[in-house]
Amino acid sequence: MGQRVEDDLSVGTVFSRALRHLLALTQVDEQPRTSGVGLVLGGDEVAGPVQLFRALQLNVLPEVLGSSTGAVLYLAAKRFSRGLELRSIQALKSWFQSMELGELEVELDEEKVLIKLTRCMTCHRLPNSGAALCDFERGLIDGVLEAVTGTEILTKETLCWGLGDTVCQFEAYVDDTGGYIYREHGVHSDIQQRLLAGVADQAELAVETLRLVRERRSLETRDALTGLYNFRHLKEHAVLELARAARYSRQVTVVMIDVDDFSEINIRAGREVGDTVLRQWADKLRSEVRVGDLVCRYGGDEFLLVLPETAEDQADAALQRVLAGLAEVTCEVDGKVLRLTASAGVAVYPQDGERIEELVAKATTTMYAVRARGTGGVGFYGSGAR
19 MGQRVEDDLS VGTVFSRALR HLLALTQVDE QPRTSGVGLV LGGDEVAGPV QLFRALQLNV
79 LPEVLGSSTG AVLYLAAKRF SRGLELRSIQ ALKSWFQSME LGELEVELDE EKVLIKLTRC
139 MTCHRLPNSG AALCDFERGL IDGVLEAVTG TEILTKETLC WGLGDTVCQF EAYVDDTGGY
199 IYREHGVHSD IQQRLLAGVA DQAELAVETL RLVRERRSLE TRDALTGLYN FRHLKEHAVL
259 ELARAARYSR QVTVVMIDVD DFSEINIRAG REVGDTVLRQ WADKLRSEVR VGDLVCRYGG
319 DEFLLVLPET AEDQADAALQ RVLAGLAEVT CEVDGKVLRL TASAGVAVYP QDGERIEELV
379 AKATTTMYAV RARGTGGVGF YGSGAR
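Next up, the structure:
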């Protein structure tokens, strides 16, 4: 759930920023804008997902702006192209290819401009859509050609792969003012512009709501001190792991780890030092376990691990690595640097139990038995200390 919410937040943020930047790029402004690829596609230094931009281009804007959608995309792309600093037709071709927008052929002389775009990104991804969808690409091309030639370029689309043609083709001729020509003034009405801004507002509101949900979810599932999951959250996922193990005849190892003599640290060095040690141990645990292993703070100085698809011999090797990593954590008590140790008890599904509560209880009992014999050891419920 946490990862899903995180992904939704990222997508929502990029989506609302893309709307904002498209809106800004199409407002009447005599000052040239220099926007990087990341700014137009995502609003960050790193480019956002192209699929999200295409969803904006093909679904959201047509709903809001209707027939003005092409003008918005064309002018946004044209202004964006100013920041690309492409100074030759070859540079334009190379840039289109590197961005996987399609393969360009350009014929340019004093009488005409003829551009053929093979495998246009929009049309290639959405064939037979029944509408010409290339205004964004056309705006990019016209903008760069204006920079190269120093004259205004206003092409119109005469062929479209999405309509069944073999290529997308854009043309412009001297004194020809017909076709779909968009200029930088009177692009769309104030009402449409307010609608577009409203969509951006709603997207940003949704992102903020999702962020609050994530924070609340985090408070419900994570330990405030260490940032690890709490036992309630781990238990929910552990039940699923046991069910999966039962279905596929796999083993699951449950480990209880306790910091040796931790109460002495709190007494002699103070609670603040003890809290720092627990946070450091939590960080170490996170770094030592595998992706997919479950880790939680069980209580006090106890940590619980659930290791899916792990038998006793594999668990023993993993625990030696984990405990060695934890032993690197030190603290200063009475002017002396102490290297801490931990004791661990292990119970394995299904031989030691079939319910998570039973396995946790047996791992805990084994851990206390190990501590009674000394510190820094590992014990297995079914086979004793190792």
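Mind the numbering: the sequence shown is residues 19 to 404 in the numbering used here, read in order. Using N, Cα and C, we set each Cβ at its ideal position, and we do this for glycine too.
- Taking the C-beta atoms as reference points, residue 249 is found no nearer than 8 Å to residue 356.
- DSSP places residue 125 within a strand segment (E or B) once states are collapsed to three.
- Check the Cα spacing between residue 168 and each of 104, 261, 177: the tightest is with 104.
- By the neighbour-count definition (other C-beta atoms within 10 Å, threshold 16), residue 92 is a buried residue.
- When Cβ pairs closer than 8 Å are counted between the two stretches, the segment 246-260 is seen not to touch the segment 343-354, the count staying below three.
- For residue 386, the enclosing alpha helix (DSSP H) starts and ends at 374-391.
- With fewer than 16 other Cβ atoms inside 10 Å of its own Cβ, residue 243 counts as exposed.
- If only complete runs of 3 or more residues are kept, the segment 273-328 shows the beta strand (DSSP E) at 312-317, 320-326, in order along the chain.
- Distances from the alpha-carbon of residue 372 to those of 176, 272, 178 put 272 closest.
- Exclusion of the five residues before and after residue 176 leaves 187, 189 as the residues of its chain whose Cβ lies within less than 6 Å of its Cβ.
- The three-state secondary structure of residue 92, taken from DSSP, is helix.
- The three-state reading of DSSP puts residue 245 in coil, since its state is none of H, G, I, E or B.
- Following the DSSP letters along the chain, one finds residue 361 inside the beta strand (DSSP E) bounded by residues 360-367.
- Exclusion of the five residues before and after residue 319 leaves 276, 277, 280, 296 as the residues of its chain whose Cβ lies within less than 7 Å of its Cβ.
- The C-beta separation of residue 136 from residue 185 comes to about 5 Å, placing the pair in contact by the 8 Å criterion.
- In the DSSP assignment, residue 190 falls within the beta strand (DSSP E) that extends over 186-191.
- CA-CA distance, residue 252 to residue 292, rounds to 24 Å.
- With a threshold of 16 other beta carbon atoms within 10 Å, residue 94 meets it and is buried.
- Here the alpha carbon of residue 294 sits roughly 20 Å from the alpha carbon of residue 394.
- Here residue 131 carries a strand assignment [DSSP, helix/strand/coil].
- The continuous stretches of beta strand (DSSP E) do not include residue 172, and DSSP gives it neither H nor E.
- With a threshold of 16 other beta carbon atoms within 10 Å, residue 331 falls short and is exposed.
- According to the DSSP assignment, residue 339 belongs to the alpha helix (DSSP H) that extends over 330-344.
- With distances taken between CA atoms, residue 269 lies nearest to 364 out of 364, 171, 287.
- For residue 289, the closest of 337, 351, 308 by C-alpha to C-alpha distance is 351.
- For residue 397, the uninterrupted beta strand (DSSP E) segment begins and ends at 396-398.
- Annotation for residue 357: the continuous beta strand (DSSP E) segment containing it runs 354-357.
- By the neighbour-count criterion, in which 16 or more other beta carbons inside 10 Å mark a residue as buried, residue 247 falls on the buried side.
- Beta-bridge analysis with DSSP links residue 177 to 187.
- One alpha carbon belongs to residue 125, the other to residue 133, and they sit about 6 Å apart.
- Measuring C-alpha to C-alpha distances from residue 312 to each of 179, 274, 122, 174 identifies 274 as the nearest.
- Secondary structure of residue 257 (DSSP, three-state): helix.
- For residue 240, the secondary structure class from DSSP, reduced to helix, strand or coil, is strand.
- Straight through space, the alpha carbons of residue 309 and residue 127 are spaced by roughly 59 Å.
- Boundaries of the beta strand (DSSP E) around residue 351: 348-351.
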